[in-house]
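Residue numbers (UniProt numbering): 1 to 631.
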Amino acid sequence: MKQRSRRIRRNAPDNLQSLLDRSIAFARIINGVSLQSGLLGGTHKIEVAVQELLNFGSIKLPEVVGFKADKITALASALTGFKKVKTGNEVEDQEKMFVELKKITEESEGAESLDISNGTYFSDVDGFVQNFKLTTMNALYGFLQEAFNNVEELKGLPSKDSGIDWPKFMDVTNQLQKFGFYSTTISTFHDYMKSVAHLETFPEILNPYRTIIRLIEARAGLKTSGTEALQGNIAQFIDLLKVSNSSNEEFSMIYRLIHSRANPVQMNREVTIGFLNGVTDFHRLLKDLQDPSFAKMVGEKKVKKLLDGLKPILSIQSKVDELNGKFDLFSKNSSLSTSQVHMLQVEMQRMSITDKDVDELLKAINIPDDIDSKIYQGAKDVIEAAETFTKMIQSIRKWAEHLVGKELGEAFKAFDKELNFKDRKNVDQSKTEIPAVMKNLEAKDSIKKFQDALTATQSLLNGYTGDDIKTGAASIKQDALNTFKDEQVVKDEMEFHTRLRDNKQKLVKIVEAIGLIHRTENLDSGEIQQLESLAKAIPEASKLLTSQHLKSITDSMKTAENLESKSLGQTTGADRIMKPITESVKGLQMIHDFSAMNLVADLKTVENEVQKAIGQLKDSVKQAEIRKKWN
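As structure tokens, then:
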């Protein structure tokens with residue numbers, strides 16, 4: 001922004017900013033003349049002018065005059081009375097119960113039926129139990145563990161000339177050579193684990209069982225009995241809603257008035273376009289006319305006549321000030337536009353709940369007795385076994401991938417390469433070659449890197465063994481689920497959740513009502529009092545907005561006009577000199593438009609094009625006239 005400002009000052013006339021500032025004043029003066037002419041001539045309505053000068057925004061004068069303060073008084077009284085609503089442990093427990101029921105209802109949508117139409121999952125698990133090569137996995141696991149131990153032993157061998165246990169050293173290195181012999185077994189095992197990778201995902205068919213068991217446990221202790229206190233609070237809240245709804249129009253008008261009075265520039269204006277700030281700008285009109293720079297530009301005599309001509313509109317300033325003062329309270333309370341009471345009223349306007357909704361919900365849900373864990377324990381064991389099984393499959397599949405992967409294979413190759421005997425089949429058993437190999441292994445950190453790769457591979461199993469996974473898979477049977485599903489208490493539970501879902505909207509309403517009850521209970525009493533004060537101020541102010549009072553404003557203008565006309569011996573001193581003022585403003589507007597073109601080159605380009613077009617005119621008189629206006 002600073003750079004833009006500097007460029008304007010460099011490329012535009014020195015007095016551009018002052019000219020632009022004056023153009024605002026000129027626009028205000030022109031609008032003053034227009035407003036006066038319109039009001040005196042009858043083309044502008046005094047009601048429209050007043051509501052715009054008072055910054056009423058979209059609110060029309062009849063709305064203000066017809067405002068019913070008693071509705072806001074009733075709302076304030078209801079809000080204050082509601083702050084005494086009954087609270088206590090009993091009510092809090094019931095509120096928590098409804099909130100919990102709402103959560104349960106949302107979750108139970110994933111457990112509408114326990115029927116299993118496709119038992120492929122169970123047959124796949126049975127197939128896994130039959131086909132899983134337990135001995136192969138155990139052998140691979142044992143080999144890797146033995147390799148790790150061998151490397152650990154190798155670390156303990158000395159790298160000095162003396163003390164080397166040659167047979168032990170060869171046992172370790174020969175054992176590591178077996179790594180390559182397992183490649184086919186590893187590859188086959190890996191392929192099988194890839195073929196059962198779909199078992200890594202918890203089956204969709206078990207989700208309803210998992211959900212319903214979790215919900216049975218979650219609702220333990222919930223009872224719909226003893227809700228009288230909460231019902232009483234909700235009934236009182238419903239009464240508050242009725243009062244709130246009946247006052248919506250008045251409430252809305254108060255906050256619209258606060259907003260428009262605080263943000264007058266955002267208003268749409270019909271007859272006071274030059275008075276963007278309403279009465280504040282109306283005050284500036286006289287100052288504009290008395291500005292020496294304005295007199296210097298237009299001429300003192302013309303300004304004097306203009307000032308005389310505008311006496312009718314200037315004569316009503318005190319009356320407009322009096323009206324504006326009646327609405328000062330709305331300007332001073334602009335913070336209320338984001339207040340608690342405003343936000344609450346907005347929420348309550350969207351709220352719709354009846355006593356019937358509450359009664360129907362309580363009758364419909366009828367929470368069953370708690371279900372003994374023995375009823376669902378068998379099914380729960382199957383669910384937990386399936387959850388663990390998916391983790392086991394995932395761990396073993398990743399382990400198998402690591403066995404055939406680059407990381408372990410390359411770590412072994414790097415380690416094997418550093419066992420750089422001249423001839424492994426005929427190692428020189430003198431006291432020179434073996435220590436040299438050991439020094440090389442230690443220097444290049446090969447032992448540690450290979451051991452780390454083995455550790456990383458084994459850790460992927462997360463402690464699961466082949467026996468664990470086979471035993472876990474064998475415990476996943478559909479029978480326990482069928483037994484659970486056929487229990488009468490479980491059927492009752494499913495019906496209960498169906499009723500909850502059928503009454504979901506009513507339940508949501510009650511939970512919302514509970515939230516609004518607490519917000520109402522915690523309302524700032526000061527805000528309620530402010531609201532009531534604003535409501536009472538409107539009827540008082542409206543006494544000056546009657547048709548008779550507004551007529552007195554236009555009458556005072558006509559009186560001033562008649563006096564001025566007799567003094568000047570003319571119709572009005574304002575209209576006669578408005579033409580040069582209007583042309584001045586148009587010229588300033590052109591400067592304003594050009595000021596956006598920051599580069600001198602741009603202005604020269606435009607100038608050249610215009611002069612070129614003017615030069616093409618054949619009529620020299622026309623050329624001179626256009627050049628004069630252009631300049």
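Heads up, the beta-carbon is just placed ideally off N, CA and C, and yes, glycines get one too.
Measuring straight from C-alpha to C-alpha, what distance separates Val382 and Ile393? Residue 382 sits at position 382 when you count from the first residue of the sequence shown. Residue 393 sits at position 393 when you count from the first residue of the sequence shown. Looking at the two C-alpha atoms, the distance is approximately 16 angstroms.
Under 8 angstroms between the Cβ atoms of Leu481 and Lys398? On the sequence shown, residue 481 is found 481 positions in, with the first residue counted as 1. On the sequence shown, residue 398 is found 398 positions in, with the first residue counted as 1. No, the Cβ-Cβ distance between Leu481 and Lys398 is not below 8 angstroms.
Considering only residues of the same chain and omitting the five flanking positions on each side of Glu387, which have a CB-CB separation below 7 angstroms? Walking along the sequence shown from the start, residue 387 turns up at place 387. Sequence-distant Cβ neighbours of Glu387 in its own chain, meaning closer than 7 angstroms and more than five residues away, are Phe202.
Exposure of Asp619, with buried meaning 16 or more beta-carbon neighbours within 10 Å: In the sequence shown, residue 619 corresponds to position 619, counting from 1. So Asp619 ends up on the exposed side.
What is the DSSP secondary structure of Thr465, counted as helix, strand or coil? Position 465 of the sequence shown holds residue 465. In this structure, Thr465 counts as coil in the three-state DSSP scheme.
What span of residues does the alpha helix (DSSP H) with Gln529 cover, start to end? Mapped onto the sequence shown, residue 529 falls at position 529. Unbroken alpha helix (DSSP H) run through Gln529: Ser525 to Ser542.
Runs of alpha helix (DSSP H) lying entirely within the UniProt domain "Domain of unknown function WSN" (14-85), each at least 4 residues, in chain order: 16-41, 46-53, 61-65 and 69-82
For Ala235, which option in Thr483, Thr211, Lys356 and Asp555 has the closest C-alpha, if you only look at C-alpha atoms? Within the sequence shown, residue 235 is the residue found at index 235, counting from 1. For Ala235, the closest alpha carbon among the candidates Thr483, Thr211, Lys356 and Asp555 is that of Lys356.
Selected residue, minimal CA-CA separation from Ala541, among Glu418, Leu323, Leu516 and Thr465: Position 541 of the sequence shown, counted from the start, is the residue given in the question as residue 541. Ranking Glu418, Leu323, Leu516 and Thr465 by Cα distance to Ala541 puts Leu323 first.
Let me know the alpha helix (DSSP H) ranges lying completely inside the stretch 252-323, each 4 residues or longer, listed in chain order. 279-289, 292-298, 300-309 and 311-314
Could you tell me the distance, in whole angstroms, from the CA atom of Asp321 to the CA atom of Val279? The count along the sequence shown starts at 1 and reaches residue 321 at position 321. The count along the sequence shown starts at 1 and reaches residue 279 at position 279. One C-alpha to the other measures close to 7 angstroms.
Compute the Euclidean distance between the alpha carbons of Phe122 and Val129, then round it to the nearest angstrom. As a working note, residue 122 is residue 122 in the sequence shown. As a working note, residue 129 is residue 129 in the sequence shown. In a straight line, the C-alpha of Phe122 is about 11 angstroms away from that of Val129.
How long is the line joining the alpha carbons of Phe275 and Thr559, rounded to whole angstroms? For the purposes of this step, residue 275 is identified with residue 275 of the sequence shown, where counting begins at 1. For the purposes of this step, residue 559 is identified with residue 559 of the sequence shown, where counting begins at 1. Their backbone Cα atoms lie some 24 angstroms apart in a straight line.
What residue range does the alpha helix (DSSP H) around Asp359 cover? The residue labelled residue 359 in the question sits at position 359 within the sequence shown. Segment Asp355 to Ile365, the alpha helix (DSSP H) holding Asp359.
Beta-carbon separation of Leu114 and Lys363 under 8 angstroms? Position 114 of the sequence shown, counted from the first residue, corresponds to residue 114. Position 363 of the sequence shown, counted from the first residue, corresponds to residue 363. The criterion of a C-beta distance shorter than 8 angstroms is not satisfied by Leu114 and Lys363.
Beta-carbon proximity list for Gln145, same chain, < 8 angstroms, skipping 5 on both sides: As a first step, residue 145 must be located in the sequence shown, where it is residue number 145. Closer than 8 angstroms at the Cβ level, and outside the excluded window around Gln145, lie Gln458.
For Arg219, the three-state DSSP class (helix, strand or coil): To locate residue 219, count along the sequence shown from 1; it is residue 219. Note: Arg219 maps to coil in three-state DSSP.
Is the CB-CB distance between Glu90 and Gly221 below 8 angstroms? By 1-based counting over the sequence shown, the position of residue 90 is 90. By 1-based counting over the sequence shown, the position of residue 221 is 221. No, they are not a contact pair.
Going by alpha carbons, who is nearest to Ile510 out of Lys448, Asn245, Met348 and Ala379? Counting from one through the sequence shown, the residue named residue 510 turns up at place 510. The shortest Cα separation from Ile510 among Lys448, Asn245, Met348 and Ala379 belongs to Met348.
For the structure I just gave you, are there three or more beta carbon pairs, one from the stretch 92-108 and one from the stretch 257-273, closer than 8 angstroms? no
Is Gly119 helix, strand or coil by DSSP? For the purposes of this step, residue 119 is taken as residue 119 along the sequence shown, with counting starting at 1. In this structure, Gly119 counts as coil in the three-state DSSP scheme.
Just verifying my parser: in three-state terms, what is the DSSP assignment at Glu109? Along the sequence shown, read from residue 1 onward, the residue named residue 109 stands at position 109. Coil at Glu109, not helix or strand.
Smallest Cα separation from Lys103: which of Asp359, Gly127 and Arg219? Your numbering for residue 103 matches position 103 in the sequence shown. Comparing Cα positions, the closest option is Arg219.
Counting pairs of Cβ atoms below 8 angstroms between the stretch 240-259 and the stretch 57-76, do you hit three or more? Result yes; three or more Cβ-Cβ pairs closer than 8 angstroms.
Can you tell me whether Ser335 is helix, strand or coil according to DSSP? Numbered from its first residue, the sequence shown carries residue 335 at position 335. Note: Ser335 maps to helix in three-state DSSP.
Any idea if Val268 is buried or exposed, counting beta-carbon neighbours within 10 angstroms, 16 or more meaning buried? Taking the first residue of the sequence shown as 1, we reach residue 268 at position 268. Looking at the sequence shown, residue 268 is not Val but Asn. It is exposed - the Cβ of Asn268 has fewer than 16 other Cβ atoms within 10 Å.
Among Thr554, Arg627 and Arg28, the one whose alpha carbon lies nearest that of Leu289: What you label residue 289 is simply residue 289 of the sequence shown in a count that begins at 1. The shortest C-alpha to C-alpha distance from Leu289 to any of Thr554, Arg627 and Arg28 is the one to Arg28.
In whole angstroms, give me the CA-to-CA distance for Lys374 and Ala229. Working through the sequence shown from its first residue, we reach residue 374 at position 374. Working through the sequence shown from its first residue, we reach residue 229 at position 229. The alpha-carbon separation between Lys374 and Ala229 amounts to approximately 35 angstroms.
First and last residue of the alpha helix (DSSP H) that includes Thr227? For the purposes of this step, residue 227 is taken as the residue at position 227 of the sequence shown. Under the DSSP assignment, Thr227 falls outside any alpha helix (DSSP H); it carries neither an H nor an E label.
So, with DSSP's three-state summary, where would you put Gln623? Translated into the one-based positions of the sequence shown, residue 623 becomes position 623. If DSSP states are grouped into helix, strand and coil, Gln623 belongs with the helices.
Taking 8 angstroms as the threshold, find out whether the stretch 183-198 comes into contact with the stretch 75-90 through three or more Cβ pairs. Using a C-beta cut-off of 8 angstroms, the stretch 183-198 makes no contact with the stretch 75-90, since fewer than three inter-stretch Cβ pairs fall below that distance.
Do Leu61 and Glu47 have their C-beta atoms closer together than 8 angstroms? For this step, residue 61 is matched to residue 61 along the sequence shown. For this step, residue 47 is matched to residue 47 along the sequence shown. Yes, these two residues count as a Cβ contact at 8 angstroms.
Just to check my reading of the structure: Gln340 and Leu523 have Cβ atoms closer than 8 angstroms, yes? What is that Cβ distance to the nearest angstrom? Stepping through the sequence shown from its first residue, residue 340 is reached at position 340. Stepping through the sequence shown from its first residue, residue 523 is reached at position 523. Right, the Cβ-Cβ distance comes to about 6 angstroms (below 8 angstroms), so this counts as a contact.
Apart from the five residues just before and just after Leu544, which ones in its own chain have a Cβ nearer than 7 angstroms to its Cβ? The residue given as residue 544 occupies position 544 in the sequence shown. Result list for Leu544: Glu322, Leu323 and Lys326, in chain order.
Spatial neighbours of residue 716 within its chain, please: C-beta separation below 6 angstroms, excluding the five flanking residues on both sides. Residue 716 lies beyond the range of the chain shown here (1 to 631); nothing can be said about it.
What is the rounded straight-line gap between the Cα of Leu310 and the Cα of Gly32? As a position in the sequence shown, residue 310 is number 310, starting the count at 1. As a position in the sequence shown, residue 32 is number 32, starting the count at 1. Using only the alpha carbons, I get a separation of about 8 angstroms.
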